[in-house]
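In this note's numbering, the protein residues as written are 16 to 221.
Note that beta-carbon positions come from the ideal geometry of N, C-alpha and C, so glycine has one too.
Quick notes on the structure that follows.
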Amino acid sequence: MKKLLLASCVAGLAFAAAPAHADAVWDAQGDWAPGYTGQHLADLDVKWFGVVYDSGIFHIKATMFGNITAGTEGFYVIGVNTGTGPSHPFGPIGAPDVKFNNVFFVQKNGTGNIGATSLTPFITIAGDSFWVDLPASVIPAGTAAPLNYTFNLWPRGAGAQAVADFAPDNSMLAAVPEIGTWAMMIAGFAAVGSGMRFRRRRPAFA
């Protein structure tokens with residue numbers, strides 16, 4: 016058992032050390048954006064966010080700390096920097112490096128849009144997670160190739176100080192280039208998480 020656990024952890028750490036590790040992010044629970052005055056709902060608190068680019072499609076997944084509940088406050092905004100990134104309005108709340116020139120929206124009821132274009136056919140919501148299989152062609156082109164686009168997710172509540180959370184915090188996320196890399200990356204994260212949980216439990220049996 017110890018050997019199996021060690022092998023799993025080593026495999027997980029190897030994935031974490033690979034370049035793909037920078038293309039998904041775990042976010043701490045309860046790290047609300049400074050000045051946020053909306054409801055502290057678990058489905059506005061990001062747990063995990065990742066992006067894969069494959070054959071002209073961005074496969075975007077986000078997981079919250081609670082089930083996504085239609086009819087409750089809030090929605091999800093994903094900012095995209097396609098190369099120019101002129102908009103960086105979040106300096107006053109500690110995120111000046113969240114830079115983007117396009118945004119799209121995911122509502123808790125499974126609808127969404129980028130400008131006047133509906134994204135609803137590309138959105139899936141299940142439990143605590145949502146997926147968007149977004150064709151690169153619907154994002155207004157910039158100076159970068161699609162594989163070099165960067166992303167940030169911020170759930171929003173209501174009110175003037177509406178940004179609830181950032182993922183990643185004060186930075187942007189690139190896309191993993193292949194679906195296989197996504198699968199390996201998630202497997203690596205799972206192995207590391209299992210190892211950490213096992214280590215935390217060990218003193219109880221000492």
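The three-state secondary structure of V113, taken from DSSP, is coil.
In the DSSP assignment, W41 is bridged to W63. Contact annotation, A182 with T165: C-beta distance approximately 13 Å; criterion of less than 8 Å not satisfied.
Under the 10 Å beta carbon count, N82 is surrounded by fewer than 16 other beta carbons and is classified as exposed.
Taking T78 as the centre and dropping the five residues before and after it, the same chain places the C-beta of K62, W63, D143 and S144 closer than 6 Å to its C-beta, in chain order. In the three-state reduction of the DSSP assignment, N82 falls in the coil class, being assigned neither a helical nor a strand state.
Classified as exposed, G50 has fewer than 16 neighbouring CB atoms from the shown chains inside 10 Å of its CB. No residue range can be given for N124, since it is assigned to no beta strand (DSSP E) and is classified by DSSP as neither H nor E. Cβ neighbours of G125 within its own chain (closer than 6 Å, five residues either side excluded): I138 and I140. The C-beta distance from V191 to V40 rounds to 12 Å, too long to meet the 8 Å contact threshold.
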